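Counting from 0, one number per residue, gives the positions in the sequence shown under numbering that gives the first Met the number 0.
Beta carbons are placed, not taken as given, at the ideal position from N, Cα and C, and that holds for glycine.
Note that the structure is predicted; figures quoted are calculated from it, not measured.
Data block below; observations after.
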Amino acid sequence: MSSPDIAEVKSFLLALQDRICEQLAQADGGGAFVEDSWTRAKAAAAAAGC
0 MSSPDIAEVK SFLLALQDRI CEQLAQADGG GAFVEDSWTR AKAAAAAAGC
């Protein structure tokens, strides 16, 4: 079995997140979600085993 293409997986998940948020906003009556980008500190990632 080959390793997944990380960039392709990331792109898929971000697109899925966008579609989910769009549907939730419509169900909510037109509300909007705001993107809140963040990064995890390397020490925290190491502690989590990432």
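{"Query": "Neighbourhood of Ala24 by C-beta, 8 angstroms cutoff - its chain only, sequence neighbours within 5 removed", "Result": "Gly30, Ala31, Phe32"}
{"Query": "First and last residue of the uninterrupted alpha helix (DSSP H) at Arg18", "Result": "5–26"}
{"Query": "Whole-angstrom distance between Leu12 and Asp4, CA atom to CA atom", "Result": "12 angstroms"}
{"Query": "Under the three-state DSSP convention, the category Ala31 falls into", "Result": "coil"}
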